[in-house]
Amino acid sequence: MRILIQFPEGLKDRALHHAKMLEKEGNEVIISASPTFGACDLALDEARDLKVDKLIHFGHAEFHKVDFNVEYIPYEIDAPLGILEDSLSYLKDFRTIGLVTTVQHLHQLQTVKEFFESHGKEVLIGKPYGFAKHLGQILGCDIGSSASVDRLVDAHVYFGGGIFHPLGAVLNTKKPFIAIEPFQGSVERMDHYREEYRKKRNGKLLSSVDAKKVGILVTTKNGQSNMPMAELIKHKVEAQGMEAGILVANTFDFDSINNMMEFDVLVNTACPRIAVDDTDRTRKPLLSANELMELLRMKKELEAMRGSEA
Ligand code: SF4
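One gets this note's numbering by counting positions in the sequence shown from 1 and adding 8 to each.
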């Protein structure tokens with residue numbers, strides 16, 4: 009069988025190992041070297057161009073159905089659990105906690121839950137909205153596992169590497185949010201990110217109120233592409249007397265986008281995390297679709313005020 013294999017950035021150093029194993033089974037194997045951000049980002053164009061029989065996507069659970077022979081091989085990573093003891097002091101004021109993790113540590117979720125239960129906590133594990141597939145699993149674009157138990161818990165706990173995955177959940181709740189990072193051996197209260205995000209968002213909106221030309225970012229990544237939303241945004245922007253252009257790429261190269269100097273503001277329709285994580289990489293304000301709607305409302309109010317003063 010002719011197979012294309014694909015790995016997220018953190019697992020790319022395992023690619024040759026897996027290629028050799030598949031070759032030993034008699035397969036012809038090609039390794040995708042493209043950046044890979046999630047199961048939303050299947051290398052389907054490469055797979056079709058190369059006429060492979062199958063794409064194997066390592067490191068993530070299925071995200072959505074596609075019209076191609078795709079096998080998903082999630083990667084279990086055993087995180088060290090010693091840090092759990094240290095996290096107890098952060099949780100001393102909370103009786104009921106919501107617990108979330110990433111797909112790589114789902115197999116450890118029960119052990120983590122039992123640890124906290126043995127220290128007198130009630131632990132709730134919520135249900136994702138749909139992009140994530142397992143109870144307690146969280147994605148940057150699916151915070152259902154924490155949102156679904158939000159009103160029942162005193163605090164939320166994320167167990168896993170980095171802060172990319174839980175940040176969306178932190179912004180979506182007013183409850184205390186504690187991140188346990190087992191690889192760094194650190195525990196962090198993440199609540200302060202809400203205020204930082206609010207300030208950044210207000211700054212982006214204020215610096216965009218006089219925008220006249222809007223660039224709307226659309227990706228061709230199969231699980232992130234949203235041309236209908238881009239067209240709707242273009243229509244709304246033009247209806248308010250501004251110009252808009254739809255900018256398409258697979259992976260956004262912000263150096264290249266920064267060369268498009270005629271745009272005053274950019275709007276993201278791809279992975280929702282881009283308008284949070286990549287705002288410092290663009291010269292012009294980079295807004296989410298919701299932020300753009302807020303901007304249009306602000307501009308309308310401002311125009312009405314200017315009109316009444318004239
Ligand atoms: S957060 Fe973004 S990169 Fe991650 S699965 Fe969702 S759309 Fe893909």
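A virtual CB, placed ideally from N, CA and C, is assigned to each residue, including glycine.
Counting along the chain, G223 sits inside the beta strand (DSSP E) bounded by residues K221 to T227. Shown here for V78: same chain residues with a beta carbon closer than 7 Å to its own, the five before and five after excluded, namely L50, L63 and H65 in chain order. Note on the segment 217-279: whole beta strand (DSSP E) runs with a minimum of 3 residues are 221-227, 251-257 and 273-276, in chain order. Secondary structure at I133: coil, using DSSP grouped into helix, strand and coil.
The three-state reading of DSSP puts F123 in helix, counting H, G and I together. Distance from the C-beta of G46 to the nearest heavy atom of the ligand SF4 is below 7 Å. The segment 294-305 makes no contact with the segment 87-95, as fewer than three CB pairs between them are under 8 Å. Taking a cut-off of 8 Å for Cβ pairs, the segment 35-50 and the segment 14-21 touch, as three or more such pairs fall below it.
With distances taken between CA atoms, N35 lies nearest to R10 out of V284, G231, D61 and R10. Taking a contact to require three or more Cβ pairs closer than 8 Å, the segment 231-245 and the segment 271-279 qualify as touching.
Nearest neighbour of T259 by Cα position, chosen from L304, D272 and L225, turns out to be L225. Relative to L99, the option among Y80, V131, E84 and F76 whose CA is nearest is V131. Unbroken beta strand (DSSP E) runs of no fewer than 3 residues, entirely contained in the segment 44-77, are found at 62-66, following chain order. I241 counts as buried, since no fewer than 16 other beta carbons sit within 10 angstroms of its beta carbon. Here I133 is actually not in contact with H113; their C-beta atoms are around 13 Å apart, not less than 8 Å.
Annotated as proximal: A252 and V222, with beta-carbon spacing under 8 Å. The ligand SF4 never approaches G169 closely enough for any of its heavy atoms to be under 7 Å from the residue's Cβ. Assigned with DSSP and collapsed to three states, L179 falls in helix. In its chain, beyond the 5 residues on either side, G144, I146, S153, S154 and Y166 have a beta carbon closer than 6 Å to the beta carbon of V108. Secondary-structure assignment with DSSP links L295 through a beta bridge to V275. For the pair T228 and V256, the Cα-to-Cα distance works out to about 7 Å.
Residue pairing from DSSP places L12 in a beta bridge opposite I38 and L63. Within its own chain, the residues whose Cβ lies closer than 7 Å to the Cβ of L294, once the five positions on either side in sequence are excluded, are L274, N276, A283, D286 and T287, listed in chain order.
Assignment of H164 by DSSP, reduced to helix, strand and coil, places it in the strand class.
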